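Only one structure is covered here, and it is reproduced in the block below.
Protein chains: 2
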Amino acid sequence: MLYRQVKRQLINDIQSGFAAPGAALPNEKDLAQRFQVSVGTIRRAVDELVAEHVLLRQQGRGTFVGKLDRERFMFQFFKIVPRDRPSEFPEVRLHKFAKSRATQMEAQALGLHGNQWVFRIENVLHLQGQPVIHDRITIAAAMFPGLNQASFTARTTTIYGHYQAAFGVTIVEADERVRAELVLPDSAQLLNLAMPSPVLRIDRVAHTFDRKPAEFRTSIVDTRNFDYVSRMREMT
Amino acid sequence: MLYRQVKRQLINDIQSGFAAPGAALPNEKDLAQRFQVSVGTIRRAVDELVAEHVLLRQQGRGTFVGKLDRERFMFQFFKIVPRDRPSEFPEVRLHKFAKSRATQMEAQALGLHGNQWVFRIENVLHLQGQPVIHDRITIAAAMFPGLNQASFTARTTTIYGHYQAAFGVTIVEADERVRAELVLPDSAQLLNLAMPSPVLRIDRVAHTFDRKPAEFRTSIVDTRNFDYVSRMREMT
DNA sequence: AAGTGGTCTAGACCACTTG
DNA sequence: AAGTGGTCTAGACCACTTT
Chain A
1 MLYRQVKRQL INDIQSGFAA PGAALPNEKD LAQRFQVSVG TIRRAVDELV
51 AEHVLLRQQG RGTFVGKLDR ERFMFQFFKI VPRDRPSEFP EVRLHKFAKS
101 RATQMEAQAL GLHGNQWVFR IENVLHLQGQ PVIHDRITIA AAMFPGLNQA
151 SFTARTTTIY GHYQAAFGVT IVEADERVRA ELVLPDSAQL LNLAMPSPVL
201 RIDRVAHTFD RKPAEFRTSI VDTRNFDYVS RMREMT
Chain B
1 MLYRQVKRQL INDIQSGFAA PGAALPNEKD LAQRFQVSVG TIRRAVDELV
51 AEHVLLRQQG RGTFVGKLDR ERFMFQFFKI VPRDRPSEFP EVRLHKFAKS
101 RATQMEAQAL GLHGNQWVFR IENVLHLQGQ PVIHDRITIA AAMFPGLNQA
151 SFTARTTTIY GHYQAAFGVT IVEADERVRA ELVLPDSAQL LNLAMPSPVL
201 RIDRVAHTFD RKPAEFRTSI VDTRNFDYVS RMREMT
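Which chain is which? The protein sequence lines are A and B, in order.
Counted from 1, the first sequence has number 32 at position 32 by full-length UniProt numbering; the numbering is strictly sequential.
Counted from 1, the second sequence has number 62 at position 62 by full-length UniProt numbering; the numbering is strictly sequential.
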């Protein structure tokens, strides 16, 4: 299980900031020397991290730490697509930003004990010029020290890219539970929906390494013109 | 790209029935000799098929052709789970079985040209004793020659297991599009729902090897007590 | 004890990117 | 031309299952 130890070390390098998002790793021979293992063992460890999109290999160029930019967010974490059109990056408008105590449900989803402080962020996502998604995000204040509305709004990347660049929190996977509901008044107003309308509700827990929960998000989606897409394959 | 050729050969062995579901493959050394490659190349090809759940490796015992039994169906293809309970295998009740001409939408989903014959199968799936899912399945008659209601009903395994055992059609992946709708009268009656009720609608295209479409299925789900779950990771 | 897959090694050669 | 990752080889040794 040498390759497991190598993988763990590489993850540590990323979490500690020693290997920054977008930066190149040493070549495989050098890594092999550093860890005192063969190149094949390095490749096995890197193989897994590439499969998880944590690292990115480019033949002839090198191996790089994955950045949570728009492209990666769209293909890995954004599953709302137009019914008969190509996919599109949403326009995100901040609706609310607050700091308060976690509810019991939030604490459970985020693995907190007691009434820890959390940030609560609400966004309305627009597609093709129309409001389509109402997001409520909850994150533990302890994991994102110093976060505030100004810095959050001033970010130049995706929300997950901001978590990664500003707080060293790399989101690597997410679990979602989806159901159909009648829209509630607050979301109806934000999404310009009549009052009984069916909407999709998505509860997502996003995790960083070692399946540690980092974000809880509930999305209300108007699916008159958009679908939630899912591909069933592999599923490790 | 030798390992690609080996993988293709192994898939052919499964599709042709030469390697039957549940049967053991020759050991890695013998495979290496048969294909005139090294064991490492065999391992690489088998690695990928194991990741796709087409093959199953058991240390000390051997490598086996994956069977689409209840366990595999549940963890790979059945994503409707109780909100606060462990998952459960559904009781499937046949509601309709018919042979007719494909609609344009079905023909497109299944990659047919013209008004080919299709089987249309409707099921009601029960969970915890209650009707929860209304399935409409469409499959091309040409891909399932000789299928009839008697043999379909008499199957002793899952529907996908039946495709595999009786017709050599192995489902390996599925694409789904999910949305919220108000239930229509026919589904409302089958699921005992009042008449405006929000339900989940899932359009699924299931594929066999080489992404060849094999089944189109629309599921209407009562999500008052159940969720559609999805895990975002890897996503090759 | 014999047979299976699981891990690791050391090295060769190829394909691609960059200067 | 030099440096990177991608493929393939041949073999050693380990862990597990079965007889």
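Don't be surprised by glycine CBs; every beta carbon is placed ideally from N, CA and C.
The structure presented is a predicted model; accordingly, all values stated were derived computationally and were not measured.
Residue-level contact to chain A via CB, Arg177 (chain B), 7 angstroms cutoff: Yes, contact with chain A.
Contact set for Asp175 (chain B): own chain, Cβ-Cβ below 6 angstroms, skip 5 residues either direction: Counting only Cβ-Cβ distances below 6 angstroms, and skipping sequence neighbours, we find Val205.
Beta-carbon proximity list for Thr153 (chain B), same chain, < 7 angstroms, skipping 5 on both sides: Hits under 7 angstroms: Leu94.
Cutoff 6 angstroms; reference Ala24 (chain A); Cβ partners in own chain excluding five residues on either side: In the same chain as Ala24 (chain A), and ignoring 5 residues on each side of it, the C-beta atoms closer than 6 angstroms to its own belong to Gly62 and Phe64, in chain order.
Partner residues on chain A for Met74 (chain B), Cβ-Cβ distance less than 8 angstroms: Residues of chain A passing the Cβ test: none, with the nearest at roughly 12 angstroms.
is_contact[Glu181 (chain B), chain A] using C-beta, thresh 7 angstroms: With respect to chain A, the C-beta atom of Glu181 (chain B) has a partner C-beta closer than 7 angstroms.
Beta-carbon proximity check, Ala180 (chain B) vs Pro198 (chain B), cutoff 7 angstroms: Going by C-beta atoms, Ala180 (chain B) is nearer than 7 angstroms to Pro198 (chain B).
Per-residue DSSP class, three states only, for Leu94 (chain B): The answer is strand: DSSP assigns Leu94 (chain B) an E or B state.
Beta-carbon neighbours of Met232 (chain B), restricted to chain A and to distances below 8 angstroms: By Cβ distance, chain A contributes Gln76, Phe77, Lys79, Glu173, Ala174, Asp175 and Glu176.
Pairwise C-alpha distance: Tyr160 (chain A) and Leu56 (chain B): When rounded, the distance between both Cα atoms is 35 angstroms.
Alpha-carbon to alpha-carbon, Leu31 (chain A) and Asp59 (chain A): Contrary to the premise, residue 59 (chain A) reads as Gln rather than Asp in this sequence. CA-CA distance, Gln59 (chain A) to Leu31 (chain A), rounds to 17 angstroms.
contact_flag[the region 103-119 of chain B, the region 209-226 of chain B] where n(CB pairs < 8 angstroms) is 3 or more: Short answer: they touch.
Separation of Ser151 (chain A) from Ile220 (chain B), as counted between CA atoms: In this structure, the CA atom of Ile220 (chain B) is about 43 angstroms from the CA atom of Ser151 (chain A).
C-alpha gap between Phe18 (chain A) and Lys99 (chain A), whole angstroms: Straight-line measurement puts the Cα of Lys99 (chain A) at about 30 angstroms from the Cα of Phe18 (chain A).
Residues that Glu71 (chain A) contacts on chain B, provided the C-beta gap is smaller than 8 angstroms: In chain order: nothing, as chain B lies at least about 13 angstroms away.
For Gln36 (chain B), the three-state DSSP class (helix, strand or coil): Here DSSP, grouped into helix, strand and coil, assigns Gln36 (chain B) to coil.
CB contact flag (Asn225 (chain B), Arg83 (chain B), <7 angstroms): For Asn225 (chain B) and Arg83 (chain B), yes; Cβs fall inside 7 angstroms.
Alpha carbon of Thr103 (chain A) to alpha carbon of Gly146 (chain A), nearest angstrom: In a straight line, the C-alpha of Thr103 (chain A) is about 21 angstroms away from that of Gly146 (chain A).
As assigned by DSSP and simplified to three states, the class of Pro213 (chain A): For Pro213 (chain A), the three-state secondary structure derived from DSSP is strand.
Segment contact, 8 angstroms Cβ cut-off, at least three pairs: the region 183-192 of chain A with the region 31-41 of chain A: Not touching, per the Cβ criterion.
Boundaries (first-last residue) of the alpha helix (DSSP H) holding Ser151 (chain A): Annotation for Ser151 (chain A): the continuous alpha helix (DSSP H) segment containing it runs Gln149 to Thr153.
Pairwise C-alpha distance: Glu71 (chain B) and Lys7 (chain B): Going from the Cα of Lys7 (chain B) to the Cα of Glu71 (chain B) covers about 25 angstroms.
Beta bridge counterpart(s) of Tyr228 (chain B) as assigned by DSSP: The partner list for Tyr228 (chain B) (beta bridge, DSSP) reads A:Val178 and B:Ile80.
Beta-carbon spacing of Asp227 (chain B), Arg177 (chain A) below 7 angstroms: Cβ distance < 7 angstroms, so Asp227 (chain B) and Arg177 (chain A) count as in contact.
C-beta neighbour in chain A for Pro198 (chain B), strict 7 angstroms: Yes, its Cβ sits closer than 7 angstroms to a Cβ of chain A.
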